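Report on one structure; see the data block that follows.
Numbering (my numbering), first residue to last: 100 to 233.
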């Protein structure tokens, strides 16, 4: 899962000595996090500065073709917006803990109730029904 803001926020948390904060631990674990407002502002500033540097480099490389650079920036902004809209949201810490608990319960059920056999078949609904009764 590529989320550049998470990496920058974690780097800033380490630099500011905030890497033991709950939000930083959630971000490091790939979960949904809410960074404090100063960290969010610093991350935003870092990306704005990166965009400014990229714009200047493109203008230098393309002989001051500002129309092309502006069109490229607009197109990439639209693509980034749609990417952000369709991207699945991250799980919270509670959702992750619940999922891990359910997985452990299913593993216990599978170890006790399911017997693998190369010559038999089983439908998924039979397993679901058996797990619900477990």
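All residues carry an ideal CB built from backbone N, CA and C; glycine is no exception. Small disclaimer: the values here were computed from a predicted structure and weren't measured.
- Judged by DSSP in its simplified three-state form, residue 216 adopts coil rather than helix or strand.
- For residue 110, the number of other beta carbons within 10 angstroms of its own is below 16, and it is reported as exposed.
- Sequence-distant partners of residue 214 (beyond 5 residues in either direction) whose C-beta falls short of 8 Å from its own C-beta are missing from its chain.
- The shortest C-alpha to C-alpha distance from residue 203 to any of 230, 179, 190 and 180 is the one to 230.
- As the crow flies, the alpha-carbon of residue 209 is around 28 Å from that of residue 130.
- Looking at the backbone, the Cα of residue 108 and that of residue 182 are separated by about 20 Å.
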